[in-house]
Each structure stands twice: as C-alpha cells, then as structure tokens.
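Numbering-wise, our numbering comes out as the position in the sequence shown, counting from 1, plus 1.
Positions of the beta carbon are idealized from the N, C-alpha and C atoms, including for glycine.
Below is one structure, written out as structure tokens; the observations come after it.
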Amino acid sequence: MIDVLHFSFIQHAILAGLFTSIVCGIIGSLVVVNRIVFISGGIAHASFGGIGIAYFLRLPVMPSTLGFTVLSSAVIAAVSAESKQRADATIGVIWAVGMALGIILIDLTPGYNVELMGFLFGSILTVSLFDLWMMVPLAGLIIGLTMIFYKGFLAMSFDEEFAKSKGIPVKTLYFVLMIMVGLAVVMVIRVVGLILVIALLSIPPYIAEKYTHSLKGMMFLSSLLSYFFILVGLYFSYVYNLSSGATIIMVAAGFFFLAFLVDHARERQHVHE
C-alpha cells in the first residue's frame, strides 16, 4: 500500500483531504454550534446551479461554482438574518431552484461528462493540481477570517443576545459566516460530493463537541477527526474500488454511532451510580 503514495493522484488526494479537513473542522464547528445545518444544506445544494452554469458555458467548474455559491450564500444570509426559523421555506426554494437550474443547464449541454458524477458524489482521487491551487487560498481565507472574527463568532455562537448587548455586529458576522460556509462547500464538494457535503460538515463537529470544552478545542478535534475519516475512507475506496465520497461518509457515520453508544453507556453508568 505504501507504494501507491508515489502516484500523483494519491498525493493530490491526501493534500486535498488535509485542506478540506481543516476547513470542515472550523466551519463545521461554527455551523453546529449556531444550529444552521439546514441553512448550510441549502447553500450546498444551491451550488449545483453553479456547476450547471459552468458546464453549459464551458467555464472552469470550481471558479464558476465558487462565484455562484458565494452569491447564493449572500442571498440566504440576507433572508435568514432576521429569523433562522422563519427562513426555512425561502431557503428550501433557493435549494430547489439551484438544483433545478443545474439539472436544466446540464440537460441542455451536449455530450456527457463523467467529471460531473465526481461533483455529485465526490471523487477525491480525481482532484487535480488546479483544484489544489484553488483550495489553498480558499482554506487560507477561511482560516484568516476565523482568526480575525473569532471573538465575535464565539460570542454570537453561544449567546447572540449578549453579543448584541455588547455592541458586537452580529448581523455582519452572520453574513461573513454564511460566505465562509459557501467557500467551504465548494472545497468539500470535490472530496465527498454535493449530496454528502453536510455530513462531513456536521458529523466530526458533533463528535468533537462531546469531548471538548471550548470552541477552539472543538475546531481542532473536529479537523483531526475529519482528516482521519478522509484518510480511512480513501484507503477503503482505493483497496475495494468503492466511491470515495460515500466511503468517507460511511466511515464518519460509523464513528458517529460509536460515539453515540459510548456516550449513552456513560449516561447509564452515571444514572446507576
């Protein structure tokens, strides 16, 4: 198995997994603690419209998807800023319109491109050098924005009303967070596919939240877990010729249920004590 590390596509996959895991750890933690998993799902599925535009106009897929996804994130942020609960219907519409637009434009595009399946279901083994060069600045931007706005994100995540009372610009921070989610979605799509994006953004943070006591700790452990899931999933997908995106998520789901069982057993033990 060590011999395969000499192949460039394996090296690209390992690096893509590293960048993606860092982003998933950071953004996923913010998504989970702010309870915006559904909103993030809307952004992820709306991004399919960007993929459709790229194929229809013969444009580079990642840059085109990035632009469309950021625009969708801004619209969803504006809609959901006042009330995350009341925005469900509108986000559902944006979700559906993005998917429908992508499907129609791809139907209108002559020929069939196998690469499209990679964007839907993930194909970390087909990540190109160009994709990696796109991921590096995106990951750097997300890390930089997190460092700059960390205190504000922390206050907003755990007590939004308190943050407002202290003069923290919660609406602006929420808008920035939505844009960051959009950036993360574009990265994660190449690894696990559009359909499974939310799983990789939510499963590692859910597990990490049980074993950490701070947002920083949660982000760090979540990143480690994400990278572990990606590497193990990559191994099994290569050895058994399975879909890489689905395999990564199944590995993550397995550990999610294991963590749930361990947590449940601990609670029962405390009750009996």
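Can you give me the Cβ contacts of residue i inside the same chain, cut-off strictly under 7 Å, excluding the 5 residues immediately before and after it?
i	result
L121	G194, L195 and I196
I52	V62, T66, G103 and F120
G18	I125, V192, Y228, I231, L232 and L235
L109	F57
I28	I143, M181, V182, A185 and L202
S74	I44, M179, I180, V182 and G183
L174	F150, G153, F154 and M157
Quick one: residues in its chain with C-beta nearer than 6 Å to the C-beta of residue i, no 5 flanking neighbours on either side, listed in chain order?
i	result
S227	S22, C25, G26 and P205
A101	none
L139	L184 and M188
T147	I27
Compute the distance between the beta-carbons of residue i and residue j, then report whether it is under 8 Å.
i	j	result
V187	L67	yes
I125	A200	no
S223	S41	no
S158	V34	yes
F20	V182	no
I77	G43	yes
S245	G123	yes
V198	A45	yes
A55	V128	no
S81	A88	yes
G99	A47	yes
M219	E210	yes
L60	L155	no
Y212	F257	no
F150	V177	yes
L225	L133	no
Under a three-way DSSP split, which group does residue i fall into?
i	result
L11	Reading off the sequence, residue 11 comes out as Ile, not Leu. The answer is helix: DSSP assigns I11 an H, G or I state.
P61	coil
D160	coil
R267	helix
P111	coil
L262	helix
I37	coil
S48	coil
K129	The sequence given here places Ser at residue 129; Lys does not occur at that position. It is coil, neither helix nor strand.
P138	helix
S124	coil
A200	helix
T213	coil
L243	coil
Please return the same chain residues whose Cβ sits closer than 8 Å to the Cβ of residue i, not counting the five positions on each side in sequence.
i	result
L243	F237
L259	none
V5	I11 and Y239
A254	A200 and I204
A79	F176
Quiz item: Taking contact to mean at least 3 C-beta pairs separated by less than 8 Å, is the region 159 to 171 in contact with the region 6 to 19?
Solution: Contact between the region 159 to 171 and the region 6 to 19 is absent: fewer than 3 CB-CB pairs across the two stretches fall below 8 Å.
Exercise. Report yes or no: do the region 94 to 106 and the region 136 to 156 share at least 3 C-beta pairs separated by less than 8 Å?
Key: no
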